Amino acid sequence: MKTDVEIAQETQMVHIREIAAQLDLTEDDLELYGKYKAKITIDTWHKLKNKKNGKLILVTAINPTPAGEGKTTMSIGLGDALHSLGKKTALALREPSLGPCFGIKGGAAGGGYAQVVPMEDINLHFTGDFHALTSAHNLLAAVLDNHLQQGNALDIDVRTITWRRVVDLNDRALRNIICGLGGKAHGVPRETGFDITVASELMAILCLSDNLQDAKKRIGKIVVAYNHAGEPVRADDLNVTGALALLLKDAIKPNLVQSLEKTPAFIHGGPFANIAHGCNSILATKYALKLADYVVTEAGFGADLGAEKFINIKCRAAGLKPDAVVVVATIRALKMHGGLAKQELAKPDLAALEAGLANLSKHVENIKNFGLPAIVAINRFPADTEAEIHLLENACQKLGVEFSLSTAFTDGSKGSADLAQKVIRAADTSSTLHFTYTDEMSTKEKIAAIAKKIYGADGVNYTPAADKAIAQMEKMGFARLPVCMAKTQYSLSDDMHKLGRPTGFKITVKEIRLSAGAGFIVALTGNILTMPGLPKKPAAENMDIDVNGKITGLF
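Quick note on this note's numbering: the sequence shown kicks off at 5 and runs consecutively.
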């Protein structure tokens with residue numbers, strides 16, 4: 005089979021005006037970035053805001069493994085299938101980060117015959133949103149360091165500065181640095197470091213804001229440090245809020261592209277789900293819901309991360325509710341959760357599959373506990389046997405969920421036709437959304453609720469530093485904020501090696517970070533890092549561009 009980039013390059017795209025017309029958008033609603041990309045103007049919202057919302061379909065997954073699950077591919081295949089059935093459909097997805105694109109994971113534009121295009125642009129610089137976020141984040145860092153250099157009128161305690169710098173690449177050498185070296189003229193020496201851009205609070209703000217003015221208010225609330233009296237120092241105190249909002253004036257606008265099968269796709273915002281909240285922007289989702297009858301969106305990694313945060317953070321902030329949830333899995337990945345080694349996954353093994361089903365059952369259980377209808381979608385691989393499929397189908401019947409095989413990767417919309425029909429039926433059923441915790445709970449009660457209800461943990465341990473930080477934040481009035489858990493994506497626990505459905509464990513919260521502008525508290529567990537590193541052989545080593553501008557090796 006051809007590579008993803010080869011398939012994408014052979015696609016005959018239509019002008020983005022034609023894609024917009026499917027959603028009853030006119031050229032006045034678009035800001036064109038060439039022929040195949042556009043941003044939607046903010047003014048467009050005024051004529052849409054009173055329209056009835058379409059159905060919202062959330063796509064999530066089991067805990068990912070090196071065997072692959074293909075959640076984005078399945079999301080796009082489902083959107084194309086709904087579109088092929090004559091439903092007015094839109095996709096609402098995240099923008100890829102350059103870090104994993106050049107690292108080990110690759111891009112995030114789908115795969116095979118279920119992709120969004122122009123694939124190369126989407127996976128690279130796209131419309132410049134991430135560059136704008138990186139610049140805004142680092143401007144705030146530069147202004148903060150300049151304030152220290154110019155006399156520190158706010159009496160900032162240098163030891164309490166929490167605002168690090170960011171870059172949209174995997175670069176472990178930048179995790180911990182000392183800045184301000186070289187003498188008095190070059191700044192105040194201090195320890196700091198870099199995070200990846202998608203972990204920036206500004207990314208979360210972009211994705212949780214209703215408009216630029218809302219984003220501006222949130223930016224002003226960002227806590228960057230504390231003074232010697234222990235009081236928070238905010239972006240507003242540094243008189244830089246307006247400049248930061250200015251840098252995001254275009255980034256705040258949702259991007260519109262198309263799938264290989266010409267389904268409209270909103271791609272906007274890209275926070276990671278293991279270190280941030282893992283959902284595309286509220287703005288893009290709301291635009292899509294006003295413009296389409298069915299909107300397919302996804303949340304990062306497994307349902308213990310992306311779906312949990314989609315519901316407890318994004319839905320809480322935006323007043324949204326999914327009408328149906330698709331849980332993606334592969335037989336290969338389930339066998340790996342059942343203890344089979346990666347090199348053995350192509351071999352039939354019913355015992356490993358049955359053992360690995362525990363991971364799927366926990367995610368289905370969680371979706372049901374949210375009060376939402378679930379459908380299990382199996383991304384089928386050629387090596388999957390009829391016996392394995394039969395076992396899996398019987399297991400889903402026992403779980404009380406619909407089951408569908410998909411071959412979207414090789415067959416596009418045709419490969420997800422059955423899934424689309426089952427999603428339509430599920431979305432027509434009535435449901436009531438239940439959050440995992442209430443606003444009134446304390447921070448520790450919220451963390452415990454997630455750990456016990458979503459992960460299946462027995463409880464939570466805290467380091468002294470985390471204990472102290474929670475007490476400080478609650479004293480300052482942040483107790484009502486939701487919690488964003490930073491946890492390994494590979495396990496329901498905080499130990500990436502505990503696959504399947506681990507029991508008898510506690511999670512350990514090592515660090516607490518306040519994201520006052522975004523409106524949540526981040527709890528870092530296990531060995532989670534906010535700046536990834538590159539693998540021994542990065543994907544970048546296989547990439548090239550020829551004299552005609554043809555790109556190879558991108559996936």
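Idealized CB from N, CA, C, for every residue including glycine.
None of the values given here were measured: they were computed from a predicted structure.
Listed in chain order, the alpha helix (DSSP H) runs fully inside the stretch 43-97 are 48-52 and 75-88, counting runs of at least 4 residues.
If one requires a minimum length of 3 residues, the beta strand (DSSP E) runs lying completely within the stretch 181-205 are 181-183, 194-196 and 198-200, in chain order.
Residues 20, 21, 24, 42, 43, 44, 45 and 260 of the same chain have their beta carbon placed closer than 8 angstroms to that of residue 34, with the five preceding and five following residues left out of the count. Annotation for residue 423: the continuous alpha helix (DSSP H) segment containing it runs 421-431.
The beta carbon of residue 105 is closer than 6 angstroms to those of 111 and 127 in its chain, skipping five residues each way along the sequence.
It is roughly 7 angstroms from the alpha-carbon of residue 410 to the alpha-carbon of residue 381.
Annotation note: the stretch 506-532 contains the following uninterrupted beta strand (DSSP E) runs of length 3 or greater, listed N- to C-terminal: 510-519 and 524-529. A straight line joining the alpha-carbon of residue 493 with that of residue 337 spans about 14 angstroms.
For the pair of segments examined, the stretch 235-247 was found not to touch the stretch 200-219: the number of CB pairs separated by less than 8 angstroms stays below three. Within the stretch 290-343, the runs of alpha helix (DSSP H) at least 4 residues long that lie entirely inside it are, in chain order, 335-341.
Scanning its chain for C-beta atoms nearer than 6 angstroms, with the 5 sequence neighbours on each side dropped, one finds around residue 420 the residues 81, 82, 85, 410 and 412, in chain order.
By the criterion of at least three beta-carbon pairs nearer than 8 angstroms, the stretch 287-299 is not in contact with the stretch 113-122. In terms of CA proximity to residue 395, 339 leads the group 339, 190, 256 and 192. Boundaries cannot be given for residue 377, as no beta strand (DSSP E) includes it and DSSP labels it neither H nor E. Burial is judged here by how many other beta carbons sit within 10 angstroms of a residue's own beta carbon; residue 281 has at least 16 and is buried. With 16 or more other Cβ atoms inside 10 Å of its own Cβ, residue 257 counts as buried.
The DSSP-derived three-state label of residue 542 is coil. About 18 angstroms separates the CB atoms of residue 67 and residue 536; that is not less than 8 angstroms, and the two are not in contact. Cα atoms of residue 361 and residue 352: separation of roughly 15 angstroms, rounded to the nearest angstrom. Within its own chain, the residues whose Cβ lies closer than 6 angstroms to the Cβ of residue 141, once the five positions on either side in sequence are excluded, are 170, 204 and 206, listed in chain order. Taking the C-beta atoms as reference points, residue 268 is found nearer than 8 angstroms to residue 26. Secondary structure of residue 552 (DSSP, three-state): coil. In its own chain, leaving out the 5 sequence neighbours on each side, no residue places its CB closer than 7 angstroms to the CB of residue 425. Here residue 100 is buried, its C-beta having at least 16 other C-beta atoms within 10 Å. The way I'd put it, the stretch 540-556 doesn't touch the stretch 516-532; fewer than three beta-carbon pairs between them come closer than 8 angstroms. By a beta-carbon distance limit of 8 angstroms, residue 549 does not contact residue 9. Their separation comes to about 11 angstroms.
Under the DSSP definition of a beta bridge, residue 174 lacks any partner. In the displayed model, residue 117 falls within coil according to three-state DSSP, outside both helix and strand. Counting C-beta atoms within 10 angstroms of its own C-beta, residue 98 has 16 or more neighbours from the protein chains shown and is therefore classed as buried. Per DSSP, the continuous beta strand (DSSP E) segment holding residue 488 begins and ends at 487-490.
Taking 8 angstroms as the upper bound for CB-CB distance, residue 166 and residue 227 are in contact here, some 7 angstroms apart. Under the criterion of beta carbons closer than 8 angstroms, residue 266 and residue 551 do not qualify as touching, at roughly 31 angstroms. In the displayed model, residue 444 falls within coil according to three-state DSSP, outside both helix and strand. Of the candidates 131, 73, 121 and 96, 131 places its Cα closest to the Cα of residue 37.
Between residue 151 and residue 242, the gap from beta carbon to beta carbon is short of 8 angstroms.
Rounded to the nearest whole angstrom, the CA to CA distance from residue 438 to residue 316 is 9 angstroms.
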